[in-house]
Amino acid sequence: MRWLGRANGLANKQLPELWLKAAPRDHKAEVGKHINAVKAHCEAMFEQERLPIARLETAVRSKLIEPLERVDITLPGVRRAIGAEHPVMKTWREIVSVFQKLGYSVAEGPVVETDYYNFEALNFPPNHPARDTQDTLFIAGQQSKPQRERLLLRTHTSPVQIRTMEKMRPPIRIVIPGTVHRNDPPDASHSPMFHQIEGLAVDTNITFGDLKGTLDHAMKALFGSSVKTHFRPSFFPFTEPSAELYVTCFICGGSGKRGSDPCRPCKQTGWIEVLGCGMVDPNVFEFVKDNGYDPKKVSGFAFGMGVDRLALLKYGVDDIQLFFQGDVRFLQQFG
Ligand code: PHE
Numbered sequence: 031m032r033w034l035g036r037a038n039g040l041a042n043k044q045l046p047e048l049w050l051k052a053a054p055r056d057h058k059a060e061v062g063k064h065i066n067a068v069k070a071h072c073e074a075m076f077e078q079e080r081l082p083i084a085r086l087e088t089a090v091r092s093k094l095i096e097p098l099e100r101v102d103i104t105l106p107g108v109r110r111a112i113g114a115e116h117p118v119m120k121t122w123r124e125i126v127s128v129f130q131k132l133g134y135s136v137a138e139g140p141v142v143e144t145d146y147y148n149f150e151a152l153n154f155p156p157n158h159p160a161r162d163t164q165d166t167l168f169i170a171g172q173q174s175k176p177q178r179e180r181l182l183l184r185t186h187t188s189p190v191q192i193r194t195m196e197k198m199r200p201p202i203r204i205v206i207p208g209t210v211h212r213n214d215p216p217d218a219s220h221s222p223m224f225h226q227i228e229g230l231a232v233d234t235n236i237t238f239g240d241l242k243g244t245l246d247h248a249m250k251a252l253f254g255s256s257v258k259t260h261f262r263p264s265f266f267p268f269t270e271p272s273a274e275l276y277v278t279c280f281i282c283g284g285s286g287k288r289g290s291d292p293c294r295p296c297k298q299t300g301w302i303e304v305l306g307c308g309m310v311d312p313n314v315f316e317f318v319k320d321n322g323y324d325p326k327k328v329s330g331f332a333f334g335m336g337v338d339r340l341a342l343l344k345y346g347v348d349d350i351q352l353f354f355q356g357d358v359r360f361l362q363q364f365g
């Protein structure tokens, strides 16, 4: 029965099930032939009413197992490409790590955000013209909801400033990496989807000097110690005063020229804008005042940078679309 049983016998059932089915396609005929031989052998033995199990096992081994063991298992296997880290993610990780070394922790928030967090609590009141600079996609069918609850694709990582201050009392130091969307037609420097890294530090007596020192250090850590930084006044509803940070162009070293040609990335100015920043506006603290952010007691700075833009500059790529087209010929260059 052990060999010839119909339901589970070795020769009738298990060998065909376990060996024949599992055999590689071009070995099936060969394996089948051997199994039939074993079966015939069993039947012959059975006929003779002798079942020397040891002999049968020897037969199975020599007819089935040994021929297959001749496959050379020392041959190399199929190689799979490991792939390479995407230049945007690599830049993302580098920026986050510069701030982690300064004691910052990482916070994240939702990509689908409410009007309240994306605009209102950041001091963009309904109908404020500054909203026009960050047009985005709104989720359909929400007219019956109050405006502050309506959902949209976040236009920046700044809403996570509010979300984090609601959860953590001061002092805080956080960086917030994430995906954002804007209603920008795609071209060499715009994409409707891109990535930002936000920073927020709140404590007692934080000054604009702290902001400058921190960002100057971060730019040198990212782009090399010879880079110079330069702050120009700007406007954001949620910071006051606000500034744009420029660094010396690392393509032309600040000269505005490449040999006798004009330097394109910095438009011959020698400076490249890399981020927006400023001191947290007291109106923003008012929205989280009850969690310890009394604007009379604490102060802070915030900044937000475009990861893709920094990756373009870092790797000398001249079209942001290349990052999102998934063309292996482009990505292979970073392997
Ligand atoms: N959120 C701003 C933007 O997307 C950048 C910014 C962040 C500016 C924090 C100041 C402070 O343009």
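Here the numbering used here is used: the first residue of the sequence shown is 31, the next is one more, and so on. Glycine included, C-beta positions come from ideal geometry on N, C-alpha and C.
Coil, strand or helix - residue i by DSSP
i	result
M198	coil
S272	strand
F331	strand
K287	strand
P263	strand
C307	strand
I169	coil
R184	coil
Q226	strand
R203	strand
I236	coil
T299	coil
V347	coil
G365	coil
G35	coil
H211	strand
V277	strand
A52	coil
W336	A small correction: the amino acid at residue 336 is Gly; Trp does not occupy that position in the sequence shown. G336 falls in the strand class under three-state DSSP.
A341	helix
P325	coil
P292	strand
E218	For the sequence presented, residue 218 should be read as Ala rather than Glu. In the structure shown, A218 sits in coil (DSSP, three-state: anything other than H, G, I, E or B).
Close Cβ partners of residue i (< 8 Å) along its chain, the five nearest in sequence each way excluded
i	result
T187	G139, I206, P207, G208, V210, Q226, I227, E228 and G334
V13	As displayed, the chain neither begins before 31 nor continues past 365, which places residue 13 out of reach and without an answer.
G286	C279, P292, C293, C296, Q298, T299 and G300
L50	K58, V61, G62 and I65
P222	H211, R212, N213, D214, P215 and P216
E143	L181, L182, L183, R184 and P189
L167	L182, L183, H211 and N213
E303	E274, L275 and Y276
D246	T259
Y387	The structure shown does not extend to residue 387, since the chain spans only 31 to 365, so no value can be given for it.
V141	L183, R184, G208, T209, V210 and H211
G254	F280
E124	L252
L305	L245, E274, L275, F333, G334, M335 and G336
P271	F238, P263, G308 and M309
Exposed unless 16 or more other CB atoms sit within 10 angstroms - verdict on residue i
i	result
A248	buried
H158	exposed
Q130	exposed
L48	exposed
I236	buried
E96	exposed
N153	buried
F224	buried
N38	exposed
G107	exposed
V318	buried
T269	buried
T244	buried
A5	No answer is possible for residue 5: it lies beyond the span of the chain, which begins at 31 and ends at 365.
L94	buried
S290	exposed
L40	buried
V358	exposed
Own chain, CB closer than 6 Å to residue i, minus 5 neighbours either side, in chain order
i	result
T194	A137 and I204
V190	A137, G139 and I206
K258	T278
A218	D349
V347	none
L45	I65
R288	C282
Neighbourhood of residue i by C-beta distance below 7 Å, restricted to the same chain and skipping five residues each side
i	result
P325	P312, F315 and E316
V90	V68
T121	V337, L340, A341 and K344
F354	S221
R262	A273, E274 and Y276
K242	F261
P200	V232, D233, G322, Y323 and V328
List, from N- to C-terminal side, the beta strand (DSSP E) runs of 3 residues or more that fit wholly inside the region 99-164.
142-144
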